[in-house]
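First up is the structure itself, then whatever we jot down about it.
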Amino acid sequence: MGISCPGLGMPATGFTAPASTHTPQAMDGTAKKRRLTAALAAVLAIAATASPRWVSGETVGVYGLTQAGWQIVKQIEKQEIRSGVSPYASLQRVVSITEYHLEKEGRIMVCWVSYDSQQDIQEERCEEPQA
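Written out as structure tokens, the structure is:
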């Protein structure tokens, strides 16, 4: 079976569409397996990112807690001057620390967010104080 190219004004010669070696049933089975695998992978990826981090042992940040309904009831900001880190050991570095106290349903959570200006690193950790 030849295919023509009317837009080019000339017939295509020597080209024949290959006959399918797969049956439609086999293609459907393979396609279904691929789709099912892709869907399962997507569901697992969403479940892994949507589950609360505290379930997996990771700390949850201030933003995540406020999104989960926690309210910031107290905020304390301070700056610490620390010695520099190589190769800038002769320079002082400023570390900004913000302490957040959050509350939800009678529970308290304290979070510390620090930013190291010299290393350009922000760290965050949260914990529930022991009563």
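One point on numbering: in the working numbering, the residue at position 115 of the sequence shown is 113, and numbering is uninterrupted.
Just so you know, even glycine gets a beta-carbon here, dropped at the ideal spot from N, CA and C.
The structure displayed is predicted, hence computed values, not measured ones.
Under a three-way DSSP split, which group does V41 fall into?
Reliability of the predicted coordinates at V41 is poor, the pLDDT of 37 falling under 50, and no value is obtained from them.
Quick one: Cα of W68 to Cα of D26, how far?
49 Å
For D118, which three-state DSSP category applies?
coil
Short of 6 Å in beta carbon distance, which residues of its chain neighbour E122, apart from the five on each side in sequence? Order them along the chain.
G59, V111
Short of 6 Å in beta carbon distance, which residues of its chain neighbour Q77, apart from the five on each side in sequence? Order them along the chain.
V92, S94
Can you tell me whether A40 is buried or exposed, with buried defined as 16 or more other CB within 10 angstroms of its CB?
Because A40 sits at a pLDDT of 47, beneath the cut-off of 50, its placement in the model cannot be relied upon, and the following sentence gives the value as read from the coordinates. Exposed, by the Cβ-count rule.
Please work out which residues of its chain come closer than 7 Å, Cβ to Cβ, to G82, disregarding the five sequence neighbours upstream and downstream, and give them in chain order.
S88, L89, Q90, R91, Q116
Pick helix, strand or coil for R51, following the three-state DSSP scheme.
Here the model assigns R51 a pLDDT of 44, short of 50, so the residue's position is not dependable, and the following value carries that caveat. In this structure, R51 counts as helix in the three-state DSSP scheme.
By the 10 Å Cβ neighbour count, where 16 or more other Cβ atoms means buried, how is Y61 classified, buried or exposed?
exposed
Along the chain, which unbroken stretches of the beta strand (DSSP E) at least 3 residues long are found entirely within the region 83 to 113?
90 to 102
Within 10 Å of its beta-carbon, does Y86 have 16 or more other beta-carbons around it, so buried, or fewer, so exposed?
exposed
Take A113 and list the residues in its own chain whose beta-carbon comes closer than 6 Å to its own, dropping the five residues that flank it on each side.
Per the sequence shown, the amino acid found at residue 113 is Tyr instead of Ala. Excluding sequence neighbours, Y113 sits near S94, Q120.
E103 beta carbon less than 7 Å from that of I74:
no
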